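Participant: In the numbering used here, the protein residues as written are 331 to 390. All C-beta atoms, glycine included, are put in the ideal place defined by N, C-alpha and C. None of these values were measured; they are calculated from a predicted model.
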């Protein structure tokens with residue numbers, strides 16, 4: 331199958347990580363949505379307001 335007719339889905343990432351103040355977490359990967367392993371195109375994660383060691387991001 332060539333993938334025609336298939337839609338994109340949203341993926342929610344959540345990671346528990348203790349990060350020093352002023353530092354951020356990024357996710358990179360093989361697919362275009364994750365930057366094709368290019369660190370300049372990696373996706374930044376956001377810390378949760380009520381749980382600062384829980385980081386989240388959503389991609390489609």
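Do residue 357 and residue 367 have their C-beta atoms within less than 8 Å of each other?
Facilitator: As a first step, residue 357 must be located in the chain shown, where it is residue number 27. As a first step, residue 367 must be located in the chain shown, where it is residue number 37. No, they are not a contact pair.
Participant: Looking at the strands, I want to know which residues DSSP matches up with residue 388.
Facilitator: Mapped onto the chain shown, residue 388 falls at position 58. The partner list for residue 388 (beta bridge, DSSP) reads 342.
Participant: When DSSP labels each residue in this structure, what does residue 374 get in the three-state scheme?
Facilitator: Residue mapping note: residue 374 aligns to position 44 of the chain shown, counting from 1. Residue 374 falls in the strand class under three-state DSSP.
Participant: Using the Cβ count rule (16 or more neighbours within 10 Å means buried), how would you classify residue 364?
Facilitator: Along the chain shown, read from residue 1 onward, the residue named residue 364 stands at position 34. Counting Cβ neighbours within 10 Å, residue 364 comes out buried, since at least 16 surround it.
Participant: So is the beta-carbon of residue 348 under 7 Å away from any non-hydrogen atom of the ligand FAD?
Facilitator: Among the ligands in the structure shown, none appear at all, so the ligand FAD cannot be discussed.
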